[in-house]
Structures are given as C-alpha cells and as structure tokens.
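Keeping their order, the protein sequence lines are chains D and V.
Residue 1 is where the first sequence starts when you use full-length UniProt numbering, and the numbers rise one by one after that.
Residue 1 is where the second sequence starts when you use full-length UniProt numbering, and the numbers rise one by one after that.
Remarks on the structure that follows.
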Amino acid sequence: MSENVTLPKQQGPTDKPAGEPLLTVEGLTKHFPIYGGFPFKRQVGAVKAVDGVDLTVHAGESLGLVGESGCGKSTTGRLITRLMEPTAGKITYAGRDITRANRKQLAPVRSEIQMIFQDPYSSLNPRQTVGTIIKSPMEVNGINPPGGRENRVRELLETVGLNPEHYNRFPHEFSGGQRQRIGVARALALEPKLIVADEPVSALDVSIQAQVVNLLQKVQDELGIAFLFIAHDLAVVRHFSQRVAVMYLGKVMEVADRDSLYNRPRHPYTHALLSAVPEADVDTGKKERIRLAGDVPSPVNPPSGCRFRTRCWKAQDKCATEEPPLVQISGNREGHLTACHFPEEPSTEARTEDVVMDPALAALEEEHGSDD
Amino acid sequence: MTTMTKTEDTPAPTGPEAFLSVRDLRVRFSTEDGIVKAVDGLSFDVERGKTLGIVGESGSGKSVTNLTVLGLHNRKTTEIDGEIVLDGQELTGASERELEKLRGNKVAMIFQDPLTALSPYYTVGRQLSEPFMKHRGASKKEAKARAIEMLDKVGIPQPALRFNDYPHQFSGGMRQRAMIAMALMCDPDLLIADEPTTALDVTVQAQILDLLKDLQQEFGSAIIFITHDLGVIANMADDLLVMYAGRAVERGSVREVLRAPQHPYTWGLLSSMPRLGGDTGESLVPIPGSPPSLLNPPTGCPFHPRCAFTDQVTGASCSGERPSLGAGRAAACHLTGEQKQTIFIDQIKPRLG
C-alpha cells in the first residue's frame with residue numbers, strides 16, 4: 001500500500017474541520033501494570049489499554065470516538081482530562097503541553113476541559129442538592145459570576161431544560177434523563193472549551209436518549225464548545241459528530257469526516273462494525289454482510305503487527321509482522337486516515353459474497369443454504 | 001373505565017396453530033409504596049416456528065410478562081390474572097411441579113446477562129447437562145455427549161475441552177453462546193430470549209443474532225424475543241408487539257409496524273432514533289416527558305400525557321377512556337385510521353428520512 005500513500009488534495013470540501021486544533025494527542029499510551037509472582041510481587045505484564053493514539057480535536061467541532069468495549073476509548077477520554085496519568089505520549093491543549101503538567105499548572109486548563117459521565121446515577125453525589133453539585137466547580141475554581149453563583153446555577157438549570165425551582169432538590173428526585181441534564185449543567189458551569197462526553201446517552205431509554213442528544217447539540221451550536229464524544233452506538237455518533245475515529249484494542253484504526261467514514265470506509269474493521277449495526281428500516285437496500293468470529297482479543301497480549309488481523313478476512317503474513325501506519329490512502333479525502341495494509345473498497349454496498357468468519361454460523365448456513 | 005376494561009382486549013386471532021397464547025394477562029406486585037401494575041391486560045399469540053418480538057422501554061412490563069409465563073415471579077407478592085395457555089396447558093394456575101417439568105424442557109429462556117445467569121460455582125458442562133439428565137432421564141455420559149454437540153453447534157471452539165471450564169473462563173460472547181446451547185439442550189418448542197444481546201458488542205451481537213436465526217430454522221422453535229432495540233427486532237422477528245406502561249399499544253407483522261406504524265408511541269420511538277442513513281442536519285424528535293410510574297399509571301390511554309396528537313381526537317377522551325387494541329394488525333389509539341395515516345405520511349415519515 002505504501003506506494004500510493006502520499007496523495008494530493010482530494011475532492012471538494014467536506015464537513016469542514018472547524019477552527020484551529022484545540023487539543024492534539026500524539027502517541028498517547030496507557031499501560032496498567034499487572035502484578036504477580038511469589039514471594040516477591042513484581043510486574044508480570046500490562047494491560048495495554050491505550051497504545052499509541054493520535055487524535056486532534058479542533059475548536060468547536062465534535063470528534064466521535066467509537067469502538068467496542070475494552071478498546072480503550074474511555075481510558076483515552078480520562079487521559080485527555082488528566083484524570084489518569086498517561087504512560088507515554090504527548091497531550092497538547094491550546095498550544096501547551098499538559099502531559100506532565102502538575103496540579104498548579106493544570107488548574108487553568110482543568111476548568112476548560114470538562115467531562116460528562118456515562119452513568120447519571122453514580123456520577124452525582126446523592127447527599128448534595130442539585131444546586132451544590134452544579135455550584136461546586138465554581139467554588140473550587142474561585143469563579144464569581146456576575147449576579148452570584150446561585151443565580152448562575154439557576155440559569156444553567158434553565159439552559160439544560162430543568163426547572164430552576166428544583167435548585168434544592170436531591171438527585172434521587174430526578175429521572176435518569178433529568179440527571180444526565182444535571183451532569184451537563186455541571187460540565188457547563190465553568191464555560192469550558194472542550195467537553196469529553198463518555199457514553200453520555202447509553203444508560204438512557206431510547207425516547208430519553210434523543211432528548212439528551214438534542215440538548216448536547218444545542219449546547220455545541222450555541223456555545224461553540226468542542227466535544228470528544230465517546231460512544232459505542234454508531235448511529236448516535238454519526239448524528240452528533242462531524243469527524244469520527246474508530247478504535248480497536250487501544251489503537252485508532254480509521255479516522256475521517258463523518259461522510260467518508262460511514263459511506264466510504266476503508267478499514268475492514270470499520271466495514272465489519274457498520275455492517276453489524278442492526279437497522280430498523282425494512283426497506284433499505286442490501287448492505288454488505290460481514291460476520292466476524294469470536295470476541296476482541298485480550299489487551300494484555302495484543303496480536304503483533306495489525307491488531308485486527310486475528311479477526312480479519314484479508315489478513316496476510318505482512319499484517320503479522322508489520323504494523324500498518326495511520327495514513328491517507330490514495331483516493332481518500334484529506335483527513336481520512338486508515339491504518340491498513342490491504343484496505344477495502346470504499347463502499348458499504350452488498351458484495352457478491354458475504355463474509356462469514358464465524359465457523360458455527362458458516363456451518364449452519366452451509367447446511368440450510370444461504371437464505372438472506 | 002371499568003366497562004372499558006371489560007370489553008377491550010378481546011381475544012386476538014386465536015389461530016389453531018397458536019402455540020402459546022396469553023389472554024388479558026394482569027400482573028400486580030405489592031411493594032411498600034403500593035401496588036405496581038406491571039402488566040395490565042396483555043394478550044398475544046405465538047405460533048410454532050415464528051418469532052414474536054416485544055419492544056418497549058425499561059419498565060414497560062416486557063420482561064415481567066415472560067417471567068410469568070415460566071412462573072419465575074415471586075408468588076408471595078405477585079398477583080396474576082388472565083390466561084396463559086401453552087400448547088393446550090393452562091399455566092396461570094399450574095403448580096410449581098408442573099412448571100418445573102416445562103422449564104428447560106418445552107420452554108427455555110435466554111437471559112440478558114450470561115455472567116449472572118450462569119452459576120460461577122459449576123462448570124459450564126455440568127450446567128448444560130443438568131436439564132437434559134433431569135428431563136430426559138439421560139445418563140451422565142449421554143448428557144455430556146449432547147452438551148458437547150450443542151457447544152459445537154453454537155460455535156464454541158474445542159467443545160470437549162471447554163465442557164470442563166467455568167463460566168469466568170469464557171468471554172462475553174462465548175458465555176452467551178453457552179447460554180443458547182443450554183437453552184437448546186432439550187430441543188424446546190418455545191424459546192424466550194430476554195434482551196439476549198444487549199450486553200454484547202455490535203459485532204458479537206450480529207454473530208449471535210444470525211446464529212439464533214439459523215438455529216431456529218434447524219430446531220423449529222417458536223421464539224419470543226424481548227428487546228428495546230427496534231433495529232434488532234427488524235432483523236429477528238416476524239411479528240411485533242410494542243409495549244408501553246404494561247400494555248400492548250401496537251401489534252402487527254414487523255414489516256407492517258416498521259413501514260407504517262400507527263401508534264403515536266411507535267412514531268415517537270422511530271423518530272427519536274438516529275439512523276445510519278439518516279439526515280444528520282435534522283435534529284431528532286424526542287418523546288417529551290418520561291415513562292409513567294406504574295404505581296399510579298395515567299388514566300385512560302397511558303401514553304396521553306406524552307402524546308402530541310391528543311387534540312386531534314374527537315368523540316373520545318384520551319385521559320378518560322382507555323383505547324382498545326383490536327385484533328390482528330392494530331394500534332390502541334383513539335385516532336381514526338384515516339387520521340393515523342395522514343399524520344404518519346405528512347408528519348412522521350419525512351422525519352424518518
């Protein structure tokens with residue numbers, strides 16, 4: 001593939017990468033040590049949760065981060081907010097290297113990068129009132145908005161669609177969707193420039209999900225906040241993010257603008273993911289059918305070379321020995337990067353033959369003759 | 001109100017081939033806060049070899065319904081009315097002993113979370129063999145052979161070795177496969193799958209769904225497939241039942257319901273869901289409010305406090321009268337058929353892209 005890696009600018013404008021890079025991540029790595037042994041405990045291995053991730057979030061844009069459980073997407077979010085210490089790599093926020101910044105140096109940055117958590121039940125302190133919860137980031141950072149903090153909290157409650165009168169209520173008095181709104185209000189309290197949203201809607205019912213997605217979209221449009229939107233639901237990510245990165249076993253496999261990633265994916269894993277999403281339309285045209293075998297391998301001992309090769313139908317010897325770099329493949333738009341030696345055709349149309357890697361499934365289908 | 005409750009939910013089509021038929025099922029739990037009406041007047045049929053999908057949000061009563069079919073509810077605190085007839089046998093009044101004969105034999109269940117549904121204390125093989133030995137009177141050796149055959153069928157590599165493993169040695173997808181193998185051990189006529197893929201990743205979910213479909217072809221079981229994901233239903237089911245607040249609000253074949261839904265709640269579900277092929281410029285249209293508490297469900301139509309079309313109803317009151325769910329393809333809504341059609345075509349369909 002290396003001969004057609006470099007490529008002049010392609011095609012027309014896409015969903016423009018808005019503004020300057022706000023956050024740049026290079027070679028970000030997080031290894032969690034595993035200790036064992038007798039009689040002296042020592043490190044016997046490491047869970048390579050995040051293993052060399054490169055990402056850029058531009059000001060005011062939303063970057064989606066998708067992948068299956070255990071691919072390191074949440075850890076990436078936590079490393080970026082510096083809730084965890086990276087093992088290696090570099091995080092640059094607004095031109096400043098914050099990888100190893102200490103508490104004091106981080107203080108001004110912390111208020112600009114906020115987080116929304118997945119579970120609205122465990123991320124709010126049950127013993128504090130909503131007012132206290134939303135107010136505390138301002139207290140910690142010594143911010144005194146004009147009109148007072150309490151006033152600001154009421155404003156925020158209104159922004160996220162809650163009744164400002166509920167200032168003195170406790171989290172248990174709210175439903176799941178409302179609690180998630182409180183989480184959003186808390187994240188907005190410091191007027192951040194970047195919000196890392198870690199699966200903000202996956203704990204909610206379908207009819208409530210849309211309410212929260214719309215709220216986040218409103219916040220993004222009106223306040224121009226950049227988002228790193230971490231989720232496993234490809235349809236939600238597509239709806240919310242202008243650019244999307246696909247992760248697998250601690251690495252970014254493909255990153256592109258929304259349109260390219262969903263309609264002209266090149267990485268086999270992206271193809272597999274998209275084909276696995278169940279769709280509620282009964283009438284849509286046939287799309288390709290790819291069924292992988294087994295589960296994601298353990299990040300303690302990831303496959304050599306390309307991480308996806310053990311489940312890939314195009315894997316060859318080269319994939320085991322050489323790790324494919326994340327580069328722009330010929331024919332792709334600018335900014336569409338793929339880490340694959342043998343990329344797929346840029347289409348999600350049904351192919352002449354389904355890819356069925358699962359042996360049991362293949363056997364059953366052989367027996368019955370393929371019916372779908 | 002009372003008169004309405006009597007007349008509605010007239011038995012849905014009782015095809016002679018209906019293998020399981022549930023009529024006017026009511027399930028109430030007494031809790032400290034009062035009585036929870038978890039299921040309130042539900043009727044449905046499942047035919048042999050067919051798949052019935054039940055969709056609904058959490059708390060809509062979809063799981064409770066199926067636990068009661070197998071008698072897995074707490075008998076002390078639960079009150080059940082109505083009829084559950086499985087292959088000619090009435091189950092609501094059946095004794096524990098009779099039910100035990102059915103469970104894992106004629107009717108089997110696949111639960112959502114295989115890690116909690118499998119016992120961590122016994123090997124996977126032993127858990128698979130047990131129902132086979134109990135129901136078929138098979139010897140340990142026969143049961144082992146059968147278990148290994150089933151593990152192989154669901155795609156567990158080296159089944160003879162894996163037979164002796166404990167559940168924690170299996171990965172998430174493999175555990176769910178083992179659960180399916182366990183459910184199929186006795187060749188059940190009815191399989192109840194309660195959110196069987198919700199805990200799995202999409203790529204694994206796709207494998208498991210296809211596997212279930214292919215196995216159904218081979219074994220000819222009827223399946224009740226419970227989920228909150230309309231996408232999964234579209235792939236799996238023949239017929240669809242949409243539940244809300246313990247009641248069925250819409251029924252029909254999957255094609256009919258997804259192509260031309262008739263109930264405002266189904267419209268809401270469909271238009272609040274982002275799609276892979278949808279227009280990203282359009283914002284989603286959520287259903288306002290949140291699902292009602294079943295301690296004190298709204299009067300009349302349970303959906304009326306969240307419904308955007310109540311003002312168009314003439315001749316009946318949404319908050320006073322409970323709309324009935326007719327037989328066959330039907331929706332429990334006071335809107336006339338014509339209104340439903342115009343609203344769907346003019347307002348809802350454009351949103352779905």
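By construction, the Cβ of each residue, glycine as well, lies at the ideal position given by its N, Cα and C atoms.
Which of the three DSSP states, helix, strand or coil, is assigned to residue i?
i                      : result
residue 94 of chain V  : coil
residue 247 of chain V : strand
residue 211 of chain D : helix
residue 37 of chain D  : coil
residue 294 of chain V : coil
residue 361 of chain D : helix
residue 130 of chain V : helix
residue 273 of chain V : coil
residue 317 of chain V : coil
residue 31 of chain D  : strand
residue 21 of chain D  : strand
residue 112 of chain V : coil
residue 85 of chain D  : coil
residue 149 of chain V : helix
residue 122 of chain V : coil
residue 242 of chain V : strand
residue 206 of chain V : helix
residue 353 of chain D : coil
Looking at residue j and residue i, is the spacing between their C-beta atoms short of 7 Å?
i                      : j                      : result
residue 203 of chain D : residue 118 of chain D : yes
residue 248 of chain V : residue 42 of chain V  : yes
residue 53 of chain V  : residue 208 of chain V : no
residue 55 of chain V  : residue 242 of chain V : yes
residue 294 of chain D : residue 49 of chain D  : no
residue 236 of chain V : residue 68 of chain V  : no
residue 41 of chain D  : residue 87 of chain D  : no
residue 61 of chain V  : residue 36 of chain V  : no
residue 253 of chain D : residue 246 of chain D : yes
residue 202 of chain V : residue 277 of chain D : yes
residue 28 of chain D  : residue 57 of chain D  : no
residue 51 of chain D  : residue 26 of chain D  : no
residue 137 of chain D : residue 190 of chain D : yes
How many angstroms separate the CA atom of residue i from the CA atom of residue j?
i                      : j                      : result
residue 313 of chain V : residue 323 of chain V : 11 Å
residue 192 of chain D : residue 59 of chain D  : 11 Å
residue 108 of chain D : residue 257 of chain D : 31 Å
residue 211 of chain V : residue 80 of chain D  : 39 Å
residue 164 of chain D : residue 325 of chain V : 40 Å
residue 206 of chain D : residue 268 of chain V : 10 Å
residue 158 of chain D : residue 57 of chain V  : 27 Å
residue 147 of chain D : residue 110 of chain D : 24 Å
residue 245 of chain V : residue 291 of chain V : 7 Å
residue 350 of chain V : residue 288 of chain V : 19 Å
residue 346 of chain D : residue 357 of chain D : 21 Å
residue 214 of chain D : residue 277 of chain V : 18 Å
residue 82 of chain D  : residue 234 of chain D : 26 Å
residue 422 of chain V : residue 228 of chain V : Nothing about residue 422 of chain V can be read from this structure; chain V reaches only from 1 to 353.
residue 318 of chain D : residue 68 of chain D  : 25 Å
residue 305 of chain V : residue 320 of chain V : 12 Å
residue 11 of chain V  : residue 150 of chain V : Annotation note: pLDDT 47 at residue 11 of chain V (below 50); position unreliable, coordinate value reported separately. Distance between the alpha carbons of residue 11 of chain V and residue 150 of chain V is about 38 Å.
residue 215 of chain V : residue 221 of chain V : 9 Å
residue 223 of chain D : residue 194 of chain D : 11 Å
residue 71 of chain D  : residue 169 of chain V : 20 Å
residue 228 of chain D : residue 187 of chain D : 13 Å
residue 337 of chain V : residue 282 of chain V : 28 Å
residue 333 of chain V : residue 308 of chain V : 12 Å
residue 62 of chain D  : residue 208 of chain D : 21 Å
residue 260 of chain V : residue 164 of chain V : 50 Å
residue 133 of chain D : residue 113 of chain D : 17 Å
residue 102 of chain V : residue 76 of chain D  : 49 Å
Thinking residue i and residue j are a contact (beta carbons under 8 Å), I'd like their distance in whole angstroms, please.
i                      : j                      : result
residue 191 of chain V : residue 108 of chain V : 5 Å
residue 153 of chain D : residue 131 of chain D : 5 Å
residue 177 of chain V : residue 82 of chain V  : Residue 177 of chain V to residue 82 of chain V, Cβ: 35 Å. No contact.
residue 45 of chain D  : residue 300 of chain D : 6 Å
residue 143 of chain V : residue 133 of chain V : 5 Å
(request) Pick out the complete alpha helix (DSSP H) segments inside the segment 151-200 of chain V, 4 residues or longer, and give them in chain order. (result) 159-162, 172-184
(request) Entirely within the segment 124-204 of chain D and at least 4 residues each: give me those alpha helix (DSSP H) ranges in chain order. (result) 130-140, 149-159, 176-188
(request) Could you pull out every unbroken alpha helix (DSSP H) segment of at least 4 residues lying fully inside the segment 279-334 of chain D, listed in chain order? (result) 317-321
(request) Can you check the segment 222-282 of chain D for any alpha helix (DSSP H) of at least 4 residues that lies completely inside it and give the ranges in chain order? (result) 234-240, 258-263, 268-276
(request) Tell me the start and end of each unbroken beta strand (DSSP E) in the segment 39-110 of chain V that is at least 3 residues and wholly inside, in chain order. (result) 51-55, 78-86, 107-110
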